[in-house]
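First the structure, in the form of structure tokens, and then the observations on it.
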Amino acid sequence: MPDGSFLSRIYPSQPDQSRQTGGVIVRVIEYRLEGVEGAEPGYRLMTNILDDEAAPANELAALYHDRWEVENAFDELKTHLRGARTILRSKTPDLVRQEFYGLLMAHFAVRSLIHEAALRADKDPDRLSFLHAVRVVRRKMAAFGAIPPSGSKSVP
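Quick look at the structure:
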């Protein structure tokens, strides 16, 4: 195709591979991540979006990596912040929403701390560990648990 991608077929796994019939037509996009530390030499993206004019290969490759940013945020929320085996405890829709918004705010707070630390260290925020940041916040929370409701006169 003009954008460098090509069409291929994928087939369901069958015991007798010699008689592959049917299959799904896919578009294959090969690309590299130039200047990205730790990147593989090359990547292949398969999609069922076959129109190279409506969805150019370079745009799909960039969007694919943006999609994984969102998936990573879901993982941070579900696995590292909430806990893999912890479920939302609330029993009514309003309280579930409140609990979920609380998790989103906690995620935002941790990501904000990561961003601030990255700026101070002149590093890319994506290179800092979310899990490490959560562990640091959890360790430091005990020091801030004694703030009285009347104010923080005695808080350092």
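In this text, residue positions in the sequence shown follow this note's numbering: the first is 29, and each later residue adds one.
Glycine is no exception: its CB is placed at the ideal position from the N, C-alpha and C atoms.
Distance between residue 33 and residue 109, taken at the CA atoms: about 39 Å. Residue 58 carries a strand assignment under DSSP once its states are collapsed to helix, strand and coil. Rounded to whole angstroms, the gap between the alpha carbons of residue 144 and residue 95 is 24 Å.
Looking at 66, 65, 38, the one whose alpha-carbon comes closest to that of residue 53 is 38. For residue 72, the three-state secondary structure derived from DSSP is strand. Each residue's CA atom was taken as its position, placing residue 76 and residue 55 some 6 Å apart. Fewer than three pairs of CB atoms, one per stretch, sit closer than 8 Å, so the segment 55-74 makes no contact with the segment 111-128.
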